[in-house]
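For the sequence shown, the numbering used here gives the first residue as -5, with consecutive numbering after it.
Some notes on the structure that comes next.
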Amino acid sequence: MPAMKVSELGEFGLIDLLAKTVDEAKDNENPAWRQLIIGIGDDAAAWQRDSSVELATTDSFIQDIHFTLGIVAWEELGWKAMAANLSDIAAMGGVPEYALISLAMPGHTEAEDIAGLYRGMLELMRPFGVAIAGGNISSAPMLMINITVIGRATGPNSRLLTRSAARPGDKIAVTGFLGGAAAGMEMFKRNLPFDPIVTSSLRKATFHPCPRVTEGQMLVKHGVTAAIDISDGLIADLGHICEASRVGSRIAIDSIPILPEVRTSFGDRALELALSGGEDYELLFTARMDIINEVKKAISCPLTVIGEITTGKSGQISLVDGQGRPFSLDKMGWDHFTGMAS
Ligand SMILES: [Mg+2]
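Below, the structure is given as structure tokens:
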């Protein structure tokens, strides 16, 4: 390929390039390659063990790219970085078990702040029974947090939720409410003066997201096969499902479960924040309506049907308003390198 900067290629173009490079080196004589069930391109990787399927995911949080010290408390930062990883295991319907934590930081960092970072992680991990198994410490010009979480598939058949299993006719559903994390981030960056209830709700959405680990396992149990967690934004993440499954989709914008505090504080912009703001860490999945109804009875969080999978062009998402008319939004999702619509 011609010389190209990663900023020109974009995050997803770079992932495709690396996936291709790795695929060319694939050695099926080797048991590790042969037992790999899901490699690059889903929420977590999966491989076959003797009697189970193991899962692994990893995520980086870099100072001034993913967070700003001074806005976020150390405990909140630890919670959120761990939430992003547990959410990827949730999106596979798996059980998270062990975490490895690699930190890099300047020498002038307060030791007690790093202990606070760990306390935030541990607080989130405790109810899910996840253990910290180790990590690494290095010096760096800014704080970098890299977490790897290892887990396993649930149930006797070790079934998984993947991005590639959506089928035309499936309904599209989402857990919880959307837009809160993006609205909260904007509130902090622009110093927006909202009332204390809205401020605390948006702060919680931004820095204390609850990964849907239990819900992901319930999806598998009830026969759902296709899911992703909302980290890049609803439209971008639905795009990932549609591309991986080679299907199209239609979303009814009036049905999007926008966090009420986002509506009250951002008015007309609430829909855009819910569609393209990321980091809500809700689960987006597709299934037949009868399966969704069963899931609805089994889980305790809100569940909303927002559209359906179609036979449309692979990766295409059409938005329709309350009257069924086409609706368009300019900004769709976020690309880590170009910072442009992707
Ligand atoms: Mg994910």
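The beta-carbon is built from N, C-alpha and C at its ideal position, and this holds for glycine as well.
A quick note: this is a predicted structure, and the numbers were derived from the prediction, not measured.
By Cβ distance below 6 Å, which residues in the same chain neighbour A176 in space, the five residues on each side in sequence not counted? L267, G271
Please determine, among N24, A264, M115, the residue with the shortest C-alpha to C-alpha distance to Y92. M115
Can you list, in chain order, the residues of its chain with a C-beta nearer than 6 Å to that of G339? Leave out the 5 residues immediately preceding and following it. A question about residue 339 goes unanswered here, because the residues of the chain that appear run from -5 up to 336.
For the alpha helix (DSSP H) that M(-2) lies in, which residues bound it at each end? From DSSP, M(-2) is part of no alpha helix (DSSP H); its letter is neither H nor E.
Less than 8 Å separating the beta-carbons of L63 and T142? no
Going by CA-CA distance only, name the one from F61, A84, K20, T304 that's closest to T148. A84
Pairing CB atoms from the stretch 37 to 44 with CB atoms from the stretch 104 to 120, are three or more of them under 8 Å? no
Would you report the Cα separation of D231 and L278, rounded to the nearest angstrom? 8 Å
Answer yes or no: the CB of D274 versus the heavy atoms of ligand 2, is any distance below 7 Å? Questions concerning ligand 2 fall outside what the structure shown contains, since the ligands it does hold are ligand 1.
For the pair the stretch 151 to 161 and the stretch 226 to 242, tell me if three or more CB-CB distances fall below 8 Å. yes
Whole angstroms are fine: how far does the CA of G306 sit from the CA of M326? Model confidence at M326 stands at a pLDDT of 47, short of 50, so the residue's coordinates are unreliable; what they give is reported in the following sentence. About 19 Å.
Under three-state DSSP, which class holds F260? helix
Segments of 4+ residues assigned as alpha helix (DSSP H) that fall wholly inside the stretch 205 to 256: 207 to 215, 228 to 239
Quick one: what does DSSP say T124 is sitting in, helix, strand or coil? Going by the sequence as given, residue 124 is Val instead of Thr. Note: V124 maps to coil in three-state DSSP.
Return the first residue and the last residue of the alpha helix (DSSP H) that I144 is part of. No alpha helix (DSSP H) contains I144, which is instead part of the beta strand (DSSP E) from 138 to 147.
Going along the chain, which residues of its own chain have a beta-carbon closer than 7 Å to the beta-carbon of E70, five neighbours each way excluded? G114, F201, H202
So, for L137: in the same chain, excluding its five sequence neighbours on each side, which residues have a beta-carbon less than 6 Å away from its beta-carbon? Q57, M99
For S225, verify whether its CB is less than 7 Å away from any heavy atom of ligand 1. yes
Close Cβ partners of N79 (< 6 Å) along its chain, the five nearest in sequence each way excluded: T51, D53, I141, V143
Measuring alpha carbon to alpha carbon, tell me which of D164, A19, P205, T169 ends up nearest M283. D164
Does the distance between the C-beta of A26 and the nearest non-hydrogen atom of ligand 1 fall short of 7 Å? no
Give me the Cα-Cα distance between S28 and T280, rounded to the nearest whole angstrom. The question names Ser, but residue 28 is Arg in the sequence shown. Using only the alpha carbons, I get a separation of about 29 Å.
Buried or exposed: Q317, going by 16 or more other Cβ atoms within 10 Å of its Cβ? exposed
Got a sec: does ligand 1 put a non-hydrogen atom nearer than 7 Å to the Cβ of I9? no
Hey, I300 and I139 are a contact pair by Cβ (cut 8 Å); roughly how many whole angstroms apart? The Cβ separation is near 32 Å, so there is no contact.
Using the Cα positions of E180 and S294, report the straight-line distance between them to the nearest angstrom. 29 Å
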